[in-house]
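Engineer:
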Amino acid sequence: MSDQRLHALFQAEGLLRARIVAEPDGRVVEEERSPLVLLGPDDDDAYLAPNPAPTDYPGKPLTQMTLDDYHVFLYRWLEAAARAGDLRCVYCGIALRDDSDLADEETWDAFLIEKELVAWMAAHFDCKRWIAKKLKGMHPFELPTREPPVYDLSTLDPALTERPTYAEEEDVD
Ligand SMILES: [Zn+2]
1 MSDQRLHALF
11 QAEGLLRARI
21 VAEPDGRVVE
31 EERSPLVLLG
41 PDDDDAYLAP
51 NPAPTDYPGK
61 PLTQMTLDDY
71 HVFLYRWLEA
81 AARAGDLRCV
91 YCGIALRDDS
101 DLADEETWDA
111 FLIEKELVAW
121 MAAHFDCKRW
131 IAKKLKGMHP
141 FELPTREPPV
151 YDLSTLDPAL
161 TERPTYAEEE
171 DVD
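In structure tokens, the structure reads:
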């Protein structure tokens with residue numbers, strides 16, 4: 001049920017991608033892809049965008065979330081991924097740390113790319129300028145659609161669920 005709500009949110013925001021496929025037996029079927037989250041630079045780092053429900057996120061429930069609210073959730077989820085050692089720069093592949101005291105070259109940003117590929121990801125500030133070229137080679141229908149890891153967000157300060165902390169979409173052209 002809650003995955004249907006996530007699907008409905010993505011659909012309302014135009015974040016689903018579809019393609020028509022002709023089967024060998026002549027049938028024509030439509031395939032659909034939901035937004036992804038990329039935990040690193042490789043195809044195997046792609047997962048379906050996570051549902052807030054199993055994380056015990058203390059912010060708004062999914063039923064009340066706008067896309068902006070979901071962006072905030074996703075950012076907190078990526079921070080948890082970094083703490084778990086699961087998050088790498090989508091360009092250079094170096095592990096990203098969740099720490100308030102990062103050296104300049106270690107600072108990173110999370111963002112949504114909304115092209116043919118729709119995906120949240122994180123990259124060093126210095127790496128972001130190279131991302132557009134890399135993403136041109138990634139197509140949603142060629143990436144795995146696996147359930148993402150579940151991180152426990154229940155101890156998150158509720159104040160951190162309310163404020164957007166990053167831009168909705170970066171211009172990477
Ligand atoms: Zn990097």
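So in our numbering, spot 63 of the sequence shown is number 63, and the numbers just go up one at a time.
Glycine included, C-beta positions come from ideal geometry on N, C-alpha and C.
Quick check: is any heavy atom of ligand 1 less than 7 Å from the C-beta of Ala95?
Structural biologist: No, ligand 1 has no heavy atom inside 7 Å of this Cβ.
Engineer: Return the CA-CA distance between Trp120 and Leu135, expressed in angstroms with no decimal places.
Structural biologist: In a straight line, the C-alpha of Trp120 is about 12 Å away from that of Leu135.
Engineer: First and last residue of the alpha helix (DSSP H) that includes Ile94?
Structural biologist: Counting along the chain, Ile94 falls outside any alpha helix (DSSP H), and DSSP gives it neither H nor E.
Engineer: Leaving out the 5 sequence neighbours to the left and right, which residues in its chain are closer than 7 Å to Phe141 when beta-carbon positions are compared?
Structural biologist: Closer than 7 Å at Cβ, skipping near neighbours: Arg19, Glu31 and Arg33.
Engineer: How would you label Gly59, buried or exposed, when you count the other beta carbons within 10 angstroms and need 16 or more for buried?
Structural biologist: That one is buried.
Engineer: When burial is assigned at 16 or more other CB atoms within 10 Å of the CB, is Glu147 buried or exposed?
Structural biologist: Exposed, by the Cβ-count rule.
Engineer: Straight-line CA distance for Leu36 to Asp45?
Structural biologist: So the two alpha carbons sit approximately 10 Å from each other.
Engineer: Taking 6 Å as the limit between beta carbons, can you name the residues of its chain near Thr145, skipping five residues before and five after?
Structural biologist: The answer, listed in chain order, is Leu48.
Engineer: Just list the residues that DSSP pairs Tyr47 with in beta bridges.
Structural biologist: Val37.
Engineer: Where Ala103 and Gly40 are concerned, what is the direct C-alpha to C-alpha distance, given to the nearest angstrom?
Structural biologist: One C-alpha to the other measures close to 20 Å.
Engineer: Would Cys92 and His124 qualify as a contact pair, given that the criterion is a beta-carbon distance under 8 Å?
Structural biologist: The answer is yes: Cβ separation under 8 Å.
Engineer: Under the rule that 16 or more other beta-carbon atoms within 10 Å means buried, what is Arg27, buried or exposed?
Structural biologist: By the 10 Å Cβ count, Arg27 comes out exposed.
Engineer: Is it buried or exposed for Glu168, if we count other Cβ within 10 angstroms and need 16 for buried?
Structural biologist: Here the model assigns Glu168 a pLDDT of 49, short of 50, so the residue's position is not dependable, and the following value carries that caveat. So Glu168 counts as exposed.
Engineer: Which word fits Arg76, buried or exposed, when buried means at least 16 other C-beta atoms lie within 10 angstroms of its C-beta?
Structural biologist: Its Cβ being crowded by 16 or more others within 10 Å, Arg76 is buried.
Engineer: Taking Cys127 as the reference, which of Asp98, Pro52 and Ile94 has the closest Cα?
Structural biologist: Minimum Cα distance to Cys127 is reached at Ile94.
Engineer: Using a Cβ-Cβ cut-off of 8 Å (strictly less than) and excluding sequence neighbours within five positions of Leu78, which residues of its own chain qualify?
Structural biologist: Cβ within range, chain order: Val37, Leu87, Ala110, Trp120 and Ala122.
Engineer: Taking 8 Å as the CB-CB limit, is Pro24 close to chain C?
Structural biologist: Here there is only one protein chain, and chain C is not present.
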